[in-house]
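S.K.: Numbering (the numbering used here), first residue to last: 96 to 374.
Each residue gets a CB set at the ideal place from its N, CA and C atoms; glycine is no exception.
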Ligand code: PAF
């Protein structure tokens, strides 16, 4: 695996490959790689010739300084994992390589950065779009892969790509779960054994939605699942919603072509999010 720290160097290297007819698949990450990330690399390998992974803990998308400082950075481990799945290129820049102190970024994102995660973490998706656009300009991939676990992020990036006429095909990759159903996340390592057990309530709640989806009305399901989540021990619900998965707006109708249930909660001091596509 080739490792680059410089934007210019990785750009030049990939440009040559692109010019020789190779397709480029890009998996942006913040490191602390788990099987969810590695499954995205594997999926990318089915679609593109050259796979590029980036590891960059992006400061502009953190609204909590402590969260940024504490974000796990097991770089040596990450490199070993990427080599094992035969990723071709790793781009791992410093903060100074990606940002200068004077720059500003604001992009209109419709309602997408004002609801759910955007409401709880103001500015988060501005920071995400800022870094993703920079990474897209640097890597210039044919395909970019994002995890379904942050479905709202996928919607936000899709919106940006359309708005700015970016010619990259976005691919949504399925959520990878632990054997008991907990969605994999770099933050799971911070859950105490008890919180880890309590966190399962989110997956169970989403399964309840799915189980009753055919037989009950959406508003009824929401009421029941909300009660379940409120009664679940050790978790503090931030939101639980059923959305039209294409317009990303709340709905009480089953008519939209695709629906998704989304949930976020604090388990101890750790925020976790999860979702399930219902149809
Ligand atoms: O999903 C993530 O890991 C990050 O938000 C991303 C897309 C790498 C941007 O920093």
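Count the other CB atoms, across all protein chains shown, that sit within 10 Å of the CB of residue 184; report buried if there are 16 or more and exposed otherwise.
M.R.: By the neighbour-count rule (16 or more Cβ atoms within 10 Å), residue 184 is buried.
S.K.: Just the Cα atoms here: how many angstroms apart are residue 265 and residue 240?
M.R.: The straight-line gap from Cα to Cα measures roughly 6 angstroms.
S.K.: Count the other CB atoms within 10 Å of the CB of residue 288; is the residue buried (16 or more) or exposed (fewer)?
M.R.: Exposed, by the Cβ-count rule.
S.K.: What are the partner residues of residue 149, as DSSP defines its beta bridges?
M.R.: Beta-bridge pairing links residue 149 to 123, 186.
S.K.: Looking at the secondary structure, which residues open and close the beta strand (DSSP E) in which residue 267 lies?
M.R.: Start and end: 264-268.
S.K.: Could you compute how far the alpha carbon of residue 351 sits from the alpha carbon of residue 371?
M.R.: Distance between the alpha carbons of residue 351 and residue 371: 15 angstroms.
S.K.: Spatial neighbours of residue 99 within its chain, please: CB distance less than 6 angstroms, with the 5 preceding and 5 following residues excluded, ordered by chain position.
M.R.: Cβ within range, chain order: 105, 186.
S.K.: Just to confirm my understanding: we take residue 279, look at its own chain, exclude 5 residues before and 5 after, and list those with CB closer than 7 angstroms. What are they?
M.R.: 129, 130, 131, 271, 272, 273, listed in sequence order.
S.K.: Rounded to the nearest angstrom, how far is the Cβ of residue 215 from that of residue 182, given a contact under 8 angstroms?
M.R.: Wrong, their Cβ atoms sit about 32 angstroms apart, outside the cutoff.
S.K.: What residues in its chain sit with their C-beta under 6 angstroms from that of residue 244, if we drop five residues either side in the sequence?
M.R.: Cβ within range, chain order: 270, 278.
S.K.: Return the CA-CA distance between residue 229 and residue 235, expressed in angstroms with no decimal places.
M.R.: Each residue's alpha carbon lies about 10 angstroms from the other.
S.K.: Quick check on residue 172: buried or exposed, where buried means 16 or more other Cβ atoms within 10 Å of its Cβ?
M.R.: It counts as exposed.
S.K.: Going by beta carbon distance, what residues of the same chain come within less than 8 angstroms of residue 134, once the five residues before and after it are set aside?
M.R.: For residue 134, where only same-chain residues beyond five positions count, the Cβ hits under 8 angstroms are 268, 269, 271.
S.K.: By how many angstroms is the C-alpha of residue 326 removed from the C-alpha of residue 301?
M.R.: So the alpha carbons of these two residues sit roughly 15 angstroms apart.
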